[in-house]
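S.K.:
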Ligand SMILES: C[S@@+](CC[C@H](N)C(=O)[O-])C[C@H]1O[C@@H](n2cnc3c(N)ncnc32)[C@H](O)[C@@H]1O
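Residue numbers (the working numbering): 564 to 783.
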């Protein structure tokens with residue numbers, strides 16, 4: 564699935580490091596705190612269809628299923644190996660979720676499929692062009708009035724956050740992370756047609772400032 568069109572950045576940049584992803588993210592970000600806060604941005608109703616885009620090992624997808632057991636949760640990621648890890652976690656938790664392999668900017672879903680789309684730590688893996696393509700795809704697959712809930716690295720809240728974010732930039736590359744650090748995600752959301760764009764919350768972590776965004780597709 565990872566294509567040659569632009570470089571695919573795995574969860575910890577190198578595919579062979581993926582086994583370290585869960586323990587590392589738990590320690591260096593406030594993982595459960597921010598993922599639960601992201602979940603609370605949406606009012607999820609029974610039967611609604613929810614997409615977790617760039618779901619990785621499925622931690623957020625599982626939080627979504629545990630807090631909304633009657634909703635249909637789909638985790639989608641471009642890395643088939645990480646999806647296997649997500650499946651194992653879901654089986655261990657005895658939760659039924661759906662896992663699909665696809666690139667974020669070429670989604671295999673019909674228009675207006677989802678009530679909400681969530682995505683955490685995906686956008687700093689994408690070039691500007693692919694961020695915009697991905698946002699347009701999310702816009703396409705959301706129902707009118709549907710919500711988008713993003714968590715990703717944002718503008719550093721102080722010089723220490725700027726300095727520590729260099730760790731992520733050295734790991735994942737300056738090209739894809741530069742937009743994040745300049746706080747450009749909100750303007751990309753606007754360019755893709757979203758409305759009601761808000762930076763809901765910021766967290767200082769060991770490796771930079773993390774921002775939660777909320778936006779929605781116009782109702783009609
Ligand atoms: C840093 S991990 C985040 C995983 C998870 N969402 C989380 O919050 O822990 C980024 C994920 O995005 C996926 N990814 C990177 N580029 C992608 C693309 N172009 N299309 C789909 N998934 C992509 C990677 O495989 C990886 O699982």
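Don't be surprised by glycine CBs; every beta carbon is placed ideally from N, CA and C.
#1: Where does residue 664 fall in DSSP's three states?
#2: Specify the secondary structure class of residue 620 as computed by DSSP and reduced to three states.
#3: Closest to residue 739 by CA distance: which of 663, 641 and 715 is it?
#4: Taking all protein chains shown into account, do 16 or more other C-beta atoms lie within 10 angstroms of the C-beta of residue 721, making it buried, or fewer, making it exposed?
#5: Give the range of the beta strand (DSSP E) segment to which residue 715 is assigned.
#6: Verify whether the separation of the beta carbon atoms of residue 637 and residue 678 is less than 9 Å.
#7: Report the residue from 732, 604, 681 and 640 whose alpha carbon sits nearest the alpha carbon of residue 764.
#8: Given a threshold of 16 other Cβ atoms within 10 Å of its Cβ, counted over all protein chains shown, does residue 754 qualify as buried or as exposed?
#9: Straight-line CA distance for residue 770 to residue 724?
#10: Of all the options 758, 781, 697 and 648, which has the alpha carbon lying nearest to the alpha carbon of residue 784?
#11: At the level of alpha carbons, what is the spacing between residue 756 and residue 766?
#12: Check residue 725 in the structure and name its three-state DSSP category.
#13: With a threshold of 8 Å, establish whether the CB of residue 771 neighbours any heavy atom of ligand 1.
#14: Residue 770 bridges to which residues according to DSSP?
M.R.: According to the data block:
#1: The three-state secondary structure of residue 664, taken from DSSP, is strand.
#2: coil
#3: Taking the Cα of residue 739 as reference, the smallest distance to any Cα among 663, 641 and 715 is reached at 715.
#4: exposed
#5: 705-716
#6: Taking 9 Å as the cut-off, the beta carbon of residue 637 is found no closer than this to the beta carbon of residue 678.
#7: Closest by alpha carbon: 604.
#8: exposed
#9: 7 Å
#10: Outside the modelled stretch of the chain, which goes from 564 to 783, sits residue 784, for which no answer is possible.
#11: Our two residues, residue 756 and residue 766, have alpha carbons roughly 26 Å apart in a direct line.
#12: helix
#13: no
#14: According to DSSP, residue 770 bridges with nothing at all.
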